[in-house]
Amino acid sequence: MTATPSSIVEECHASSELPIRADLTAAHAHVWEKLAAPGTWWNSSERLAIAEIVGAALDDPDPIPPWESASSSGRVASNALLSSELQDAVYRLAVHAGTLTEEWYSKMRDATGITPQQWVEVIEVAISVASVFRFSQLAGIERPEFPAAIKGDPSRQGQPSKPAKHHWVPVVHLEDMTPELAPFYDGLPALPPVIRALSSVPSAMDTLATLSSAQYIPTREMVDLNWTRGTLTRRQIEFVAGRLSAHRECFY
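Residue 25 in our numbering sits at position 25 of the sequence shown; the count goes up by one each step and never skips.
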């Protein structure tokens, strides 16, 4: 029987000696299903090619400096689906995200010719792979293999995104909410920049919401300082999140 993307994740999680929460397994299985399928602006083969570079970057025991080329130094396998400039950008995103600047982003777009929406989808793939692989590493389990690509074309469904003060990419503002964004926007009085950052690609918003809900806190529970899923308290969750963010130099 051919393994499905979900079964690949579920089998790895089932092998753990740790009691892995069902919602965490479901979240990782969900993003693995999406990884195998055509996206909004990239087809499945291109998405998996991006994923392979993210995986190679995370596996690199001695990452090259951010100003060097991963493609020309042999750190990533050559892939005709992606330009060398985009391969370099994906590698840097995976291991040197803290070094990225708006100037770098503008130059990268000029060099690669990709749109802001395509870059948002690259970020979606990167956070999927990083979340699943790093969890497997820290849980001491075999990490899931990449799924097989599912044939099909990207949907190429655009959104009414506009420039915003706190973002390098256009975003969809609350007053421009579309049906695709309603699950993430509806009922919210305002949208913090970190929530709407990937809104030009609703599928990327879905990935972010799925992973953050399982690995951190559901968006709609943010205002409840006593919320808990029955394991760590909210204060313990924020303590761990704050220490990790500081260690990773993740500031916003």
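We put the beta carbon where it would ideally sit given N, CA and C, even for glycine.
Predicted model, so just to flag it, every value in this text is computed and none were measured.
Residue span of the alpha helix (DSSP H) that contains residue i, given as start and end
| i | result |
| --- | --- |
| K151 | It is not in any alpha helix (DSSP H) - K151 carries neither H nor E in the DSSP assignment. |
| P183 | A182 to Y185 |
| W104 | E102 to T112 |
| V201 | Looking at the DSSP string, V201 is not in any alpha helix (DSSP H), and its letter there is neither H nor E. |
| D59 | S44 to D59 |
| V240 | R234 to H247 |
Reduced DSSP category for residue i - H, G, I as helix; E, B as strand; rest coil
| i | result |
| --- | --- |
| V171 | strand |
| K162 | strand |
| C12 | helix |
| W32 | helix |
| V122 | helix |
| V90 | helix |
| V76 | coil |
| S71 | coil |
| T99 | helix |
| T40 | coil |
| V129 | helix |
| V194 | helix |
| T219 | helix |
| L18 | coil |
| P189 | coil |
| D176 | helix |
| L81 | coil |
| R314 | Given that the chain is displayed from residue 1 to residue 252, the structure contains no residue 314 and the question cannot be resolved. |
| D23 | helix |
| S134 | First, the residue type needs correcting, since residue 134 is Arg and not Ser in the sequence shown. R134: helix per DSSP, three-state reduction. |
| A3 | coil |
Within 8 Å, strictly: CB atoms of residue i and residue j
| i | j | result |
| --- | --- | --- |
| I20 | A139 | yes |
| V129 | A51 | yes |
| T112 | E145 | no |
| L59 | A70 | Note on identity: in this sequence residue 59 is Asp, with Leu being the wrong assignment. Not in contact: D59 and A70 (Cβ atoms no closer than 8 Å). |
| A57 | A94 | yes |
| P154 | W42 | yes |
| S200 | V172 | yes |
| P147 | P38 | no |
| V76 | V122 | no |
| T40 | Q137 | no |
| P192 | Q159 | no |
| E102 | A204 | no |
| S44 | I114 | no |
| F133 | G55 | yes |
| E142 | C12 | yes |
| I195 | T178 | no |
| T25 | E10 | yes |
Worksheet entry | Cβ contact (3+ pairs, closer than 8 Å) linking the segment 40 to 50 and the segment 74 to 81 | The segment 40 to 50, when compared against the segment 74 to 81, does touch it at the 8 Å Cβ threshold.
Worksheet item: Are the segment 28 to 45 and the segment 216 to 224 touching by the rule of at least three beta carbon pairs closer than 8 Å?
Response: no
Worksheet item: Within the chosen definition, does the segment 203 to 211 reach the segment 229 to 242 through at least 3 CB pairs nearer than 8 Å?
Response: no
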